[in-house]
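Numbering (full-length UniProt numbering), first residue to last: 1 to 150.
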């Protein structure tokens with residue numbers, strides 16, 4: 001039921017292969033730059049971040065799927081399959097992926113619009129997102145929220 005196509009997988013996601021990261025060790029450590037803070041002790045801030053190859057590839061795959069959903073949404077809106085407003089999030093997928101990497105599912109998010117990728121980050125499927133925008137009962141909010149409410 002996912003809207004990711006095999007051509008998307010072949011063209012974009014398969015370009016990044018684990019062997020292209022072979023110069024990395026199993027974990028990657030990045031030094032974080034210092035910056036000015038307000039009302040926070042500088043000693044409390046982290047100076048390094050650690051990640052893995054698989055974590056980075058998962059971030060990339062999530063962003064690619066989110067971009068694909070937005071492209072499909074744009075196409076559906078222009079062909080009048082989606083009614084009302086359709087505020088897209090093209091080019092900002094990294095915000096959602098980064099935000100979700102820092103949050104837990106117990107954290108709350110308030111969003112006004114451009115929230116398709118936020119809903120995906122919270123666990124909704126691409127099928128539910130598209131169905132909601134097309135006012136189908138299989139959507140995230142049973143088709144009652146449209147493009148702006150998940």
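Don't be surprised by glycine CBs; every beta carbon is placed ideally from N, CA and C. Values in this document were obtained by computation on a predicted structure and should not be read as measured data.
Asked                                                                                           : Found
Distance CB(residue 63)-CB(residue 94) smaller than 8 Å                                         : yes
Bounding residues of the alpha helix (DSSP H) (the contiguous stretch that carries residue 119) : 116-121
Neighbour-count burial assignment, residue 39, 16 or more Cβ in a 10 Å radius                   : exposed
Per-residue DSSP class, three states only, for residue 102                                      : helix
In DSSP terms, what residue 49 is bridged to                                                    : 30
Nearest to residue 65 (by Cα), restricted to the options 78, 36, 125, 142                       : 125
For residue 55 and residue 29, the rounded distance between their alpha carbons                 : 13 Å
Residue 147 vs residue 108 beta-carbon contact at 8 Å                                           : no
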